[in-house]
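Q: Residue numbers (mature numbering (1 follows the signal peptide of the UniProt record, and there is no 0)): -21 to -1, 1 to 374.
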């Protein structure tokens, strides 16, 4: 019996070998993950009381963090810190990974993790966007990007997709030089680099920073909108099947509070949103500014969105019909299935002759309306986020 027990123990250990052991996600180590209410990230290390902490990023492999610290009166103290995850623990923040790490902001890794992008101001000129190779925890040969991107005005927030599209904010529009817009650098059919203003993501107000997902399926923008108290808030937009961006939607009031929210970043696993929150208080009759880095679950950040709009059939009176919405009418960054409900746009109950099968997204029946009907299809994800699609059906 003793040998049988020993054999079973060996077999159990073999079945639970290294491949079955899940290592903790490094950025979570030592932290209690937040729910839907943001909280300060790594207090006294990344976010220090009395310090101006702004901008945060994690490398694609999750083992390097970088964050910015600003100092209004001492440019030499406005710089980027780096932390490495080694031997199961995070190193102390260090700024020597980047030469001439002065007046630097907006750290961001490329999707491969082999390049490190940042913004930098030289001799008090407007900031440009720079890039250097990243290897063994160091940035080598940092250089400003070409004049297609750097215009001589403020270039600030930036992000790159896996296919090479480079999004950035710029004040180059001289008609509103006070404010940044969002631009994208891509290749045209001739293989030439071109710059395009992203009008659907830009407003007459200021867009300063952004986070672009590596798959280029969503973007989170820092934007100033007067209808929400005249301050910077965070907005999200999704890319549709036609390669257009949806109208940016303001994130919820737990994230966008009374303070200034800016410089968004989403963790490589898409589970947490990081952002900087700046508050202004009074001390001895003086305004006191403080900025910390917060994080929050993305459960209430990502919602269903209309990905592929359908082409509707023509209905004829007293004729039977059966028609299905496209299976990818809705998409969600962190969900693949939804609960559906169909109703009139005024919430009235559907007539008995109009049937809706939520499992197959099919409507059917014998058409009994002489006028087109305005209907609303609602999709709800597992976190309770809803999105509606309003449409007309009829002759």
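Where a beta carbon is used, it is the ideal one built from N, C-alpha and C, also for glycine.
From a predicted model like this one, the values you see are computed outputs, not experimental measurements.
1) Pull up the distance between the alpha-carbon of residue 220 and that of residue 286, whole angstroms please.
2) Can the beta-carbon of residue 29 be found closer than 8 Å to that of residue 269?
3) Note down the Cα distance separating residue 123 from residue 362, rounded to an integer number of angstroms.
4) Let me know the secondary structure DSSP gives residue 277 once reduced to three states.
5) Which value, in whole angstroms, describes the spacing of the CA atoms of residue 299 and residue 283?
6) How about residue 211 and residue 240: do their beta carbons lie closer than 8 Å?
7) Kindly identify the DSSP beta-bridge partner or partners of residue 365.
8) Count the other CB atoms, across all protein chains shown, that sit within 10 Å of the CB of residue 171; report buried if there are 16 or more and exposed otherwise.
9) Please classify residue 90: does DSSP put it in a helix, a strand, or coil?
10) Using the Cβ count rule (16 or more neighbours within 10 Å means buried), how would you classify residue 134?
11) Against chain C, with Cβ distances strictly below 8 Å, would residue 329 count as a contact?
12) State the CB to CB distance for the pair residue 140 and residue 88, rounded to an integer number of angstroms; the pair is presumed to be in contact (CB under 8 Å).
13) Using the Cα positions of residue 132 and residue 261, report the straight-line distance between them to the nearest angstrom.
14) Is residue 41 a contact residue of the ligand FMN, with contact defined as CB to any heavy atom under 7 Å?
15) Only counting the same chain, and skipping five residues up and downstream in sequence, which positions put a Cβ closer than 6 Å to that of residue 318?
16) Using the C-alpha atoms, what's the distance from residue 20 back to residue -13?
17) Please classify residue 5: does DSSP put it in a helix, a strand, or coil?
18) Measuring alpha carbon to alpha carbon, tell me which residue in 65, 77 and 48 is nearest residue 8.
19) Our contact map puts residue 191 next to residue 214 with C-beta atoms below 8 Å; I'd like the distance itself, whole angstroms only.
20) In chain order, what are the residue ranges of uninterrupted beta strand (DSSP E) at least 3 long that sit wholly in the segment 228 to 298?
21) Quick check: what's the CA-CA separation for residue 322 versus residue 341?
22) Can you tell me whether DSSP reads residue 169 as helix, strand or coil?
23) Can you name the residues that DSSP bridges to residue 320?
24) For residue 324, which residues in the same chain have their Cβ closer than 8 Å to its Cβ, ignoring the five residues on either side in sequence?
25) For residue 197, report the span of its beta strand (DSSP E) as first-last.
26) CA-CA distance, residue 279 and residue 15?
27) State the Cα-Cα distance for the pair residue 273 and residue 25, rounded to the nearest angstrom.
28) Check whether the segment 146 to 164 and the segment 111 to 131 touch, using three or more Cβ-Cβ pairs below 8 Å as the test.
29) Any idea which residues DSSP pairs residue 175 with across the strands?
30) Can you grab the Cα-Cα spacing for the pair residue -8 / residue 250, in whole Å?
31) Going by other Cβ atoms of all chains shown within 10 Å of its Cβ, with 16 needed for buried, is residue 201 buried or exposed?
32) Report all residues from its chain with a CB closer than 6 Å to the CB of residue 121; omit the five preceding and five following residues, and keep chain order.
33) According to the Cβ coordinates, are residue 189 and residue 161 closer than 8 Å?
34) Give me the DSSP bridge partner(s) of residue 109.
35) Would you mind stating whether residue 57 and residue 248 have Cβ atoms separated by less than 8 Å?
A: Concretely, from the data shown:
1) Residue 220 sits at position 241 when you count from the first residue of the chain shown. Residue 286 sits at position 307 when you count from the first residue of the chain shown. Spanning the two alpha carbons is a distance of roughly 6 Å.
2) Within the chain shown, numbered from 1, the residue matching residue 29 stands at position 50. Within the chain shown, numbered from 1, the residue matching residue 269 stands at position 290. Cβ distance < 8 Å, so residue 29 and residue 269 count as in contact.
3) Along the chain shown, read from residue 1 onward, the residue named residue 123 stands at position 144. Along the chain shown, read from residue 1 onward, the residue named residue 362 stands at position 383. When rounded, the distance between both Cα atoms is 42 Å.
4) One-based indexing of the chain shown puts residue 277 at position 298. Helix, per DSSP.
5) Within the chain shown, residue 299 is the residue found at index 320, counting from 1. Within the chain shown, residue 283 is the residue found at index 304, counting from 1. Approximately 31 Å, taken between the alpha carbons.
6) Against the chain shown, residue 211 aligns to sequence position 232. Against the chain shown, residue 240 aligns to sequence position 261. In contact: residue 211 and residue 240 (Cβ atoms closer than 8 Å).
7) What you label residue 365 is simply residue 386 of the chain shown in a count that begins at 1. Beta-bridge pairing links residue 365 to 359.
8) Here residue 171 refers to the residue found at position 192 of the chain shown. Its Cβ having fewer than 16 others within 10 Å, residue 171 is exposed.
9) As a first step, residue 90 is located in the chain shown; it is residue number 111 there, counting from the start. The answer is coil: DSSP assigns residue 90 none of H, G, I, E or B.
10) The sequence position of residue 134 within the chain shown is 155, counting from 1. Result: buried.
11) Of the chains in the structure shown, none is chain C; there is only one protein chain.
12) Residue mapping note: residue 140 aligns to position 161 of the chain shown, counting from 1. Residue mapping note: residue 88 aligns to position 109 of the chain shown, counting from 1. Not confirmed; about 13 Å, so no contact.
13) In the chain shown, the residue the question calls residue 132 occupies position 153. In the chain shown, the residue the question calls residue 261 occupies position 282. Taking the straight line from one Cα to the other gives about 33 Å.
14) As presented, the structure is devoid of all ligands, the ligand FMN included, so that no description of it is given.
15) Within the chain shown, residue 318 is the residue found at index 339, counting from 1. Cβ within range, chain order: 359.
16) Within the chain shown, numbered from 1, the residue matching residue -13 stands at position 9. Within the chain shown, numbered from 1, the residue matching residue 20 stands at position 41. Model confidence at residue -13 stands at a pLDDT of 36, short of 50, so the residue's coordinates are unreliable; what they give is reported in the following sentence. Cα to Cα, the separation comes out at about 41 Å.
17) Sequence index remark: in the chain shown, residue 5 carries index 26 (1-based). Residue 5 falls in the helix class under three-state DSSP.
18) On the chain shown, position 29 is the one that residue 8 refers to. Considering only alpha carbons, the answer is 65.
19) Counted from its first residue, the chain shown places residue 191 at position 212. Counted from its first residue, the chain shown places residue 214 at position 235. That pair is no contact at about 13 Å.
20) 239 to 245, 251 to 262 and 265 to 276
21) As a working note, residue 322 is residue 343 in the chain shown. As a working note, residue 341 is residue 362 in the chain shown. About 14 Å.
22) For the purposes of this step, residue 169 is identified with residue 190 of the chain shown, where counting begins at 1. Coil, per DSSP.
23) Translated into the one-based positions of the chain shown, residue 320 becomes position 341. Bridge partners of residue 320: 357.
24) By one-based count along the chain shown, residue 324 stands at place 345. Excluding residues within five positions, the ones whose Cβ falls inside 8 Å are 353, 354, 355 and 369.
25) Within the chain shown, the letter at position 218 stands for residue 197. Note, residue 197: beta strand (DSSP E), 197 to 204.
26) The sequence position of residue 279 within the chain shown is 300, counting from 1. The sequence position of residue 15 within the chain shown is 36, counting from 1. Taking the straight line joining both Cα atoms gives about 7 Å.
27) Within the chain shown, the letter at position 294 stands for residue 273. Within the chain shown, the letter at position 46 stands for residue 25. If you take the alpha carbons of residue 273 and residue 25, they lie about 10 Å apart.
28) yes
29) As a position in the chain shown, residue 175 is number 196, starting the count at 1. 163.
30) Your numbering for residue -8 matches position 14 in the chain shown. Your numbering for residue 250 matches position 271 in the chain shown. In this prediction, residue -8 has a pLDDT of 39, which is less than 50 and means its spatial position is unreliable; nothing more can be read from the coordinates.
31) Residue 201 sits at position 222 when you count from the first residue of the chain shown. Its Cβ being crowded by 16 or more others within 10 Å, residue 201 is buried.
32) As a first step, residue 121 must be located in the chain shown, where it is residue number 142. Closer than 6 Å at the Cβ level, and outside the excluded window around residue 121, lie 109 and 111.
33) The sequence position of residue 189 within the chain shown is 210, counting from 1. The sequence position of residue 161 within the chain shown is 182, counting from 1. A contact, by the Cβ cut-off of 8 Å.
34) Looking up residue 109 in the chain shown gives position 130. DSSP lists 97 and 123 as partners of residue 109.
35) Taking the first residue of the chain shown as 1, we reach residue 57 at position 78. Taking the first residue of the chain shown as 1, we reach residue 248 at position 269. No, these two residues do not count as a Cβ contact at 8 Å.
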